[in-house]
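Enquirer:
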Amino acid sequence: MTEIIQHTRRPLSTMTTFLLLLSIYSTSAFSVPTPTPATKTQKVLVTGAGGKTGRLVFQKLLQRPALFNPIGLVRTAESKEDLITNEGIPASQ
4 MTEIIQHTRR PLSTMTTFLL LLSIYSTSAF SVPTPTPATK TQKVLVTGAG GKTGRLVFQK
64 LLQRPALFNP IGLVRTAESK EDLITNEGIP ASQ
């Protein structure tokens, strides 16, 4: 189930975003060749899914539905609509 959530809180700092991305890319989950049927999907909250980096991470996670169940967090309704209309990301499944 993919979700895009709008929030109104202060955005994360650049360093926090960098550390979050570093922890995501350093996990072995991105190097798993083929998931087994017993593999449980992981819920992943992607903050800033409407921005450049967050959008890229959100799309990469969406490409691996057997491993990840991403939830996108955006600040504005415009960012949410842009993800749904221009990027083809489903609002929810």
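Be aware that the sequence shown starts at 4, since it is given in the working numbering, and climbs by one per residue.
Note that CB positions come from ideal geometry on N, CA and C, so glycine has one too.
Do VAL49 and LEU70 count as a contact pair if the criterion is CB distance below 8 Å?
Expert: no
Enquirer: Buried or exposed: GLY51, going by 16 or more other Cβ atoms within 10 Å of its Cβ?
Expert: buried
Enquirer: Against chain B, does ARG58 count as a neighbour if the rule is that its beta carbon must be under 8 Å from one of theirs?
Expert: Absent from the structure: chain B. Only one protein chain is present.
Enquirer: Could you give the DSSP three-state label for THR79: helix, strand or coil?
Expert: coil
Enquirer: Measuring straight from C-alpha to C-alpha, what distance separates PRO68 and PRO93?
Expert: If I take the Cα positions, the gap works out to 13 Å.
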